[in-house]
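Read through the structure below, which is laid out as structure tokens, and then see the notes.
There are 2 protein chains.
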Amino acid sequence: MSNPTAAILIIGDEILSGRTRDANAHHLAGELARVGIDLREIRIVADDQDAIVAALDALRVRYDQVFTSGGIGPTHDDITADAVAAAFGVPIGIREDARAILLDTYARRGIVPNEAQLRMARIPEGARLIENIVSGAPGFSMANVHVMAGVPAIFREMVAALLPGLPHGLPRLVREVRFDVPEGLIAAPLTALAAEYPDVQLGSYPFAAEGVRGTNIVAKGYDAARLDEVLARLEAEVPRG
Amino acid sequence: MSNPTAAILIIGDEILSGRTRDANAHHLAGELARVGIDLREIRIVADDQDAIVAALDALRVRYDQVFTSGGIGPTHDDITADAVAAAFGVPIGIREDARAILLDTYARRGIVPNEAQLRMARIPEGARLIENIVSGAPGFSMANVHVMAGVPAIFREMVAALLPGLPHGLPRLVREVRFDVPEGLIAAPLTALAAEYPDVQLGSYPFAAEGVRGTNIVAKGYDAARLDEVLARLEAEVPRG
């Protein structure tokens, strides 16, 4: 039995231009690890329909779940919903339950929404809405593709609303040990242990801090005793600085 | 005439697991914008040879340049060089000039490198080395694929060594204006201006701060006068809060 797999697709001109550093993929990566969904790939593409459709087509057949972020607001560059409809070959239009949510949210702020704001009620046919407790305008799930907002505060709440309803696996456990010796001196025992513990993923991350060349070793797997055991053996074989 | 295009491929289990937040793609995105290379896509895949080869095959034919980060150290999970050799169908082995660089770097620290450390001199046949002034072990360019280290301090120096030698385009200029009004009230004039200025990319980024719902409008293009003009017109049409 293995965990469900997932990919994240960020629609993010602002990340590709270097203006913004991704926060949403980083947040969701941590949440997925916690609930036992294995994140295999992250893609960041431009606000371009062909690019979004091509990425959706590749990812939604390869992974159990696909999570998107961005491009569902009211402006001309918000084209994710149309791209999802195109990828699935279904029509898209204003949906009454989404429109009612928007009207209600704006009414509570004393506003009558304009045409651009009502665009956020355009949902591909057959999708299920994802609640947005921050600003009303919903996300949606179309088959295994989950479409969420790019604004980090809204993205986080949508993730919190969505994840409990998806199939979970075994949470991936992580242990980390810092060695104050260079990576090259750890490589040989680490390689031997990696071969001996195929159920544990061993990662090696060199760092340089305060004049020390050190290495963080990360062990990941589903069995806490195995993680502790492999790291204890590594510690016994490598002198700690 | 249009700018060269590029993609970034991060080999990053530590990002997919949520342990680390990407820094290298963010840094390189800013550098590419500065030299007029249009970044179209970022992918983050696991330390898995099939995943790396599949991504390289897709990206290197689609974009003018591909930059990779990670997986070229001395440990068992460092498989990027082998994946590049497999993607290009060329042999890989210890290369004498790379080995000489490593021996020299270690000698200056009074160390004789072990077998794991010398693995970092394994370079696919036909590649050109990328200098690493931080820790010796070089990166390499294979055709249009540029393979660099994952450690941010080393990645940055490799980018600095590599970029001046690549074909540049026109630097993409960016102007940003903050409006203290919700995105929905900017959408209509913004959409009209986007149609009228097809040479300018207009992005809209809502925010909520100190109880204000506002919107940052970003204009990108290659002609400063056009960016100033479109933003001045938008400011005239939208009331600033």
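Here the protein sequences come in this chain order: A and B.
Note that the first sequence covers residues 1 to 241 in the working numbering.
Note that the second sequence covers residues 1001 to 1241 in the working numbering.
Ideal placement from N, C-alpha and C gives every residue a C-beta, glycine not left out.
Chain A contact for residue i (CB, 8 Å cutoff)
| i | result |
| --- | --- |
| Glu1183/B | yes |
| Pro1198/B | no |
| Ser1069/B | no |
| Thr1191/B | yes |
| Ala1194/B | yes |
| Tyr1222/B | no |
| Gln1065/B | no |
| Gln1049/B | no |
| Val1177/B | no |
| Ala1143/B | no |
| Gly1139/B | no |
Partners in chain A for residue i, counting only beta-carbon separations shorter than 9 Å
| i | result |
| --- | --- |
| Ile1042/B | Ile10, Gly12, Ile15, Leu16, Asp22, Ile42, Arg43, Ile44 and Val45 |
| Val1053/B | Going along chain A, no residue has its Cβ under 9 Å from Val1053/B, so there is no contact; the nearest lies around 14 Å. |
| Gly1211/B | By Cβ distance, chain A contributes nothing, its closest Cβ being about 12 Å from Gly1211/B, past 9 Å. |
Contact test: residue i Cβ vs the ligand GDP heavy atom, cutoff 7 Å
| i | result |
| --- | --- |
| Pro1152/B | Among the components modelled here there is no ligand, and therefore nothing to report on the ligand GDP. |
Within chain B, partners of residue i - CB distance below 9 Å
| i | result |
| --- | --- |
| Val218/A | Asp1013, Glu1014, Ser1017 and Arg1019 |
Candidates the options: closest to residue i by CA position
| i | options | result |
| --- | --- | --- |
| Ala55/A | Ile44/A, Ala187/A and Gln65/A | Ile44/A |
| Leu1063/B | Glu1041/B, Thr1075/B and Thr1080/B | In the sequence as presented, Leu is not what sits at residue 1063/B; that position holds Tyr. With distances taken between Cα atoms, Tyr1063/B lies closest to Glu1041/B. |
| Arg1109/B | Val1134/B, Leu1193/B and Thr1215/B | Val1134/B |
| Phe179/A | Met142/A, Val84/A, Asp47/A and Glu235/A | Glu235/A |
| Ala187/A | Asp228/A, Val238/A and Gly150/A | Val238/A |
| Gly1150/B | Gly1030/B, Phe1207/B, Thr1080/B and Asp1228/B | Thr1080/B |
| Gly1211/B | Ile1094/B, Asp1199/B and Pro1182/B | Pro1182/B |
| Gly126/A | Asn132/A, Ala98/A, Ala107/A and Arg119/A | Ala98/A |
| Met158/A | Ile72/A, Asp48/A and Leu39/A | Ile72/A |
| Asn1144/B | Ala1087/B, Leu1231/B, Arg1172/B and Arg1233/B | Ala1087/B |
| Val53/A | Leu32/A, Leu103/A and Asp82/A | Asp82/A |
| Ala58/A | Leu103/A, Ala6/A and Pro74/A | Ala6/A |
| His1027/B | Leu1163/B, Gly1018/B and Ser1141/B | Leu1163/B |
Any chain B beta carbon closer than 8 Å to residue i
| i | result |
| --- | --- |
| Asp77/A | yes |
| Val151/A | yes |
| Gly214/A | no |
| Ala208/A | yes |
Rounded C-alpha distance that separates residue i from residue j
| i | j | result |
| --- | --- | --- |
| Ile8/A | Phe67/A | 5 Å |
| Thr105/A | Ala137/A | 8 Å |
| Ala1100/B | Arg34/A | 45 Å |
| Ile37/A | Ser1204/B | 32 Å |
| Glu115/A | Val177/A | 55 Å |
| Ile15/A | Asp22/A | 6 Å |
| Pro1189/B | Gly1214/B | 16 Å |
| Arg226/A | Ala1051/B | 26 Å |
| Thr1020/B | Val112/A | 43 Å |
| Val1084/B | Gln117/A | 47 Å |
| Gly93/A | Asp1047/B | 41 Å |
| Thr191/A | Pro124/A | 49 Å |
| Asn3/A | Val174/A | 16 Å |
| Leu231/A | Thr1075/B | 16 Å |
| Arg128/A | Val218/A | 38 Å |
| Asp1078/B | Gly1070/B | 8 Å |
| Leu1103/B | Asn1132/B | 14 Å |
| Pro1167/B | Gly1030/B | 16 Å |
Neighbouring residues, chain A, relative to residue i (Cβ below 7 Å)
| i | result |
| --- | --- |
| Leu1003/B | The question names Leu, yet the displayed sequence has Asn at residue 1003/B. What Asn1003/B touches in chain A: nothing, since even the nearest Cβ is about 13 Å away. |
Chain-ordered chain A contacts of residue i [CB-CB under 8 Å]
| i | result |
| --- | --- |
| Asn1114/B | Gly184, Leu185, Ala187 and Ala188 |
| Val1174/B | Ser17 and Arg19 |
| Gly1203/B | Asp13, Glu14, Asp47 and Asp77 |
Chain B residues whose Cβ lies nearer than 7 Å to that of residue i
| i | result |
| --- | --- |
| Pro74/A | Glu1183, Gly1184 and Ala1187 |
Check your understanding: Of the residues that make up the stretch 25-41 of chain A, which ones have a beta carbon closer than 7 Å to any beta carbon in chain B?
Key -> Listed in sequence order: His26, Ala29, Gly30, Ala33, Leu39, Arg40 and Glu41.
Practice item. Mind checking the stretch 155-169 of chain A against chain B and listing, in chain order, the residues whose C-beta falls within less than 9 Å of any C-beta there? Key: With the criterion set as a beta carbon lying under 9 Å from some beta carbon of chain B, the stretch 155-169 of chain A has no members that meet it.
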